[in-house]
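2 protein chains.
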Amino acid sequence: MGITKTQIFDQQQNELAHFFKILGHPARIAILQYISKQNACICNDLVEEIGLAQATISQHLKELKSIGLLKGEIEGKSICYCIDIDRWNEIQENLNTFFNTTKTNCC
Amino acid sequence: MGITKTQIFDQQQNELAHFFKILGHPARIAILQYISKQNACICNDLVEEIGLAQATISQHLKELKSIGLLKGEIEGKSICYCIDIDRWNEIQENLNTFFNTTKTNCC
DNA sequence: AATTATTATCGTAATATTGCGATATAACAA
DNA sequence: TTGTTATATCGCAATATTACGATAATAATT
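Chains as they are written, first to last, in full-length UniProt numbering: chain A, 1 to 107; chain B, 1 to 107.
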């Protein structure tokens, strides 16, 4: 089928899984790391840097934006993409809460 | 294409993305939470509890096992699945390292 | 206005994932 | 041995994801 049955899970589970899923691609990890390394806004050099087509990079950026991890601001003829630190910390906290509350040892 | 170009990323990026990807499905989140809630090994009640077919649950368990998050031990005619705490903590640390080292603020 | 540069979107092909029924396997019970 | 129960695997259909070329859109430059 290929369709995830989101209706049988609660909102928290779906949201958490969605965060994980967006981060679950090496290109998106690489994009975030590159922005971080530059400590600056990124433009089209991402395409050269990563080695995927411009359309593909644009698509990955869109997904990162969709969970609020990136914020983009127009700057001349290009767009400045930066990590949204507040959202970044918020998501990190969510993931840690999941890890900390989901811990058992029975074996 | 649908094929992720893993060759253009380094091992750390691919591995990190792989962890995130495995956790990026609500059924797998729900499975982990259920095991945790029970604070015990789980057997086939997972199928009833979650509401997916037995084959589907088995598949998700296999993926969680593949990154070492679950360890299974045979117990009579069923199998006891538990969270591997050491691996759990290890992965949590990896993710946190990623979050902590990938932080910038330029906008 | 025309050109150039940068990013977004569309359409499409290839591969991956999700989910399930059917079946196989394994261990215990009668 | 036969039956029962629990889990794994196979094979398939449906949907999702990844990637890219082509093209559109936008803004600066000439």
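All C-beta atoms, glycine included, are put in the ideal place defined by N, C-alpha and C.
Reduced DSSP secondary structure (H/G/I, E/B, other) of residue i
| i | result |
| --- | --- |
| Leu70 (chain B) | strand |
| Ile3 (chain A) | coil |
Whether residue i touches residue j by CB criterion (8 Å)
| i | j | result |
| --- | --- | --- |
| Ser66 (chain B) | Asn44 (chain B) | no |
| Tyr81 (chain A) | Ile57 (chain A) | no |
| Leu23 (chain B) | Phe20 (chain A) | yes |
| Ile83 (chain A) | Leu32 (chain A) | yes |
| Lys5 (chain A) | Leu61 (chain B) | no |
| Ile29 (chain A) | Leu16 (chain B) | yes |
| residue 114 (chain B) | Ile35 (chain A) | Nothing about residue 114 (chain B) can be reported from this structure: the residues present for chain B run from 1 to 107 only. |
Residue from the options with nearest C-alpha to residue i
| i | options | result |
| --- | --- | --- |
| Asp86 (chain B) | B:Thr97, B:Leu69, B:Asn96 and B:Asn14 | B:Leu69 |
| Ile91 (chain A) | A:Gln59, A:Gln12 and A:Ser58 | A:Gln12 |
| Phe99 (chain B) | A:Thr101, A:Asn100, A:Thr102 and A:Leu95 | A:Leu95 |
Residue span of the beta strand (DSSP E) that contains residue i, given as start and end
| i | result |
| --- | --- |
| Ile42 (chain B) | Per DSSP, Ile42 (chain B) belongs to no beta strand (DSSP E) and is neither H nor E. |
Start and end residues, alpha helix (DSSP H) containing residue i
| i | result |
| --- | --- |
| Ile85 (chain B) | Ile85 to Thr101 |
| Ala17 (chain B) | Gln11 to Leu23 |
Contacts of residue i in chain A (Cβ-Cβ under 7 Å)
| i | result |
| --- | --- |
| Ile62 (chain B) | For clarity, residue 62 (chain B) is Lys in the given sequence; the question names Ile instead. Residues of chain A passing the Cβ test: none, with the nearest at roughly 17 Å. |
| Leu16 (chain B) | Ile29 |
| Gly68 (chain B) | Within chain A, no residue comes near Gly68 (chain B); the closest Cβ sits about 13 Å away, beyond 7 Å. |
Closer than 8 Å at the beta carbon, the chain A residues around residue i
| i | result |
| --- | --- |
| Thr97 (chain B) | What Thr97 (chain B) touches in chain A: nothing, since even the nearest Cβ is about 11 Å away. |
Contact list for residue i against chain B, beta-carbon separation under 8 Å
| i | result |
| --- | --- |
| Leu32 (chain A) | Thr102 |
| Ile83 (chain A) | Thr102, Lys103, Thr104 and Asn105 |
Under 7 Å from the C-beta of residue i: neighbouring residues of chain B
| i | result |
| --- | --- |
| Ser36 (chain A) | Thr102, Lys103 and Thr104 |
| Gly51 (chain A) | Ile8 |
| Leu46 (chain A) | Per Cβ cutoff of 7 Å: no residues; Leu46 (chain A) is ~13 Å from chain B at best. |
Partners in chain A for residue i, counting only beta-carbon separations shorter than 9 Å
| i | result |
| --- | --- |
| Gln13 (chain B) | Pro26, Ala27, Ile29, Ala30 and Gln33 |
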